[in-house]
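Sequential numbering of the sequence shown, starting at 1365, is according to the working numbering.
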Amino acid sequence: MSRFVRNKKLIITLIGIILFVVILGVSIRGRSESAWYQDVTRDVVGTFQRVFTVPIGWMDSTVSSISNVRDIYEENRQLKQHLTKYAEVSVEADDLRRENEELRQMVEASDTSLRDYDLIPAEVIGRTPNDWQRYVTVNVGEERGVEKGMAVTAAGGMVGRVIQTSAYTSQVQLLSDNNRTNNVSAVVKDADGKATYGTIDGFDSETNELFFTKVSNSVKLKEGEIVSTSGLGGRYPAGLVIGTVESIETDEYGVSQVARIKPEADFNDFSQMFVIDRALDEPFLTGPEEGGAAGE
């Protein structure tokens, strides 16, 4: 019995020594190596990190892509606005250049052939597609002294005459109106000052040319000669430039010549005009509503 007790004590002592050594070894190793439960914990945490990090990363990338698309869309919208504004400014600049050129030509004309007349500046405010080659409405009327029958010029050349007036507007009949009463007594002077008279009567809308008719076959017209108002008939003052001779041909009856005239003013494109303030006796003044009276 005593031997068993002694062996038991020895066994317990050995077990205690072994446990002490194990604990001491574990403690010493713990400084450089982690315990198994720590490894398990790290593996579990790493797995969860991978599981959650991938979708979160994808969502973050998606959100960033959407944000980039929105930024690109906004930048594109702003660029379109800038382009639209640029186009508007470009159109406005073109209009200003064209208007400036018209005004420059009108000033030059006012310093030469129109120097003896009082000029009333006017601007076109109305023109309908159906009557594009016939009438325009301007922004001056009786309040500015405009009267029925006054001649109208644009960009250095005559374009027509006033046929209707109100307090603040007037209607102008253009030379390009093919109404049979719409004609002008005109003259061409050669280098020697010899005058050849005829009538501006008719307009070719395809070539934008006026017809200078009733010219004697004995006259030798030349291309480039200037055609102006003659002042005969009392409708228009003399000396208003109409255009230049482009070509000459014989009329359909062979009894006179017809010259095609390139107008000094463009009947399709003008916005600034002068109404010539000069009182004239016009026994044959007619408008579209009066129809019937003969012209010059």
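Glycine is no exception: its CB is placed at the ideal position from the N, C-alpha and C atoms. The structure presented is a predicted model; accordingly, all values stated were derived computationally and were not measured.
Residue i, DSSP secondary structure in three states
i       : result
Phe1412 : Interpretation of Phe1412 is limited by its pLDDT of 49, a score under 50 that renders its predicted location unreliable; no figure is taken from the coordinates.
Asp1435 : helix
Glu1573 : strand
Gln1441 : The residue you asked about is not Gln; residue 1441 is Arg in the sequence shown. In the structure shown, Arg1441 sits in a helix (DSSP, three-state: H, G or I).
Asp1565 : strand
Arg1508 : helix
Thr1560 : strand
Pro1601 : coil
Thr1593 : strand
Thr1377 : helix
Asp1482 : strand
Boundaries (first-last residue) of the beta strand (DSSP E) holding residue i
i       : result
Ala1629 : Looking at the DSSP string, Ala1629 is not in any beta strand (DSSP E), and its letter there is neither H nor E.
Gly1618 : Gly1618 -> no beta strand (DSSP E), and no H or E assigned at all.
Ala1518 : Ala1515 to Ala1518
Asp1641 : Gln1636 to Asp1641
Lys1553 : Val1548 to Lys1553
Thr1529 : Gly1521 to Thr1529
Thr1501 : Tyr1499 to Val1502
Ser1534 : Ser1534 to Leu1538
Contact under 9 Å by Cβ, residue i with residue j
i       : j       : result
Phe1576 : Ala1550 : yes
Leu1539 : Phe1631 : yes
Val1552 : Thr1533 : no
Met1514 : Asp1641 : yes
Gln1537 : Arg1498 : yes
Val1510 : Ile1484 : yes
Ala1486 : Val1639 : yes
Val1591 : Thr1608 : yes
Thr1563 : Asn1547 : yes
Arg1525 : Val1516 : yes
Gln1535 : Thr1492 : no
Residue burial classification, residue i (beta-carbon count within 10 angstroms, cutoff 16)
i       : result
Arg1662 : Nothing can be reported for residue 1662: it is not among the residues displayed for the chain, which extend from 1365 to 1660.
Thr1571 : exposed
Val1408 : Bear in mind that a pLDDT of 49 at Val1408, under 50, signals an unreliable position, so the model cannot answer this.
Ile1606 : buried
Glu1628 : buried
Gln1636 : buried
Ser1594 : buried
Gly1557 : exposed
Thr1529 : buried
Val1579 : buried
Asp1541 : buried
Tyr1437 : exposed
Gly1490 : exposed
Leu1574 : buried
Gly1618 : exposed
Asp1565 : buried
Leu1604 : buried
Ala1555 : exposed
Would you call the region 1617 to 1630 and the region 1578 to 1593 in contact, with 3 or more CB pairs under 8 Å? yes
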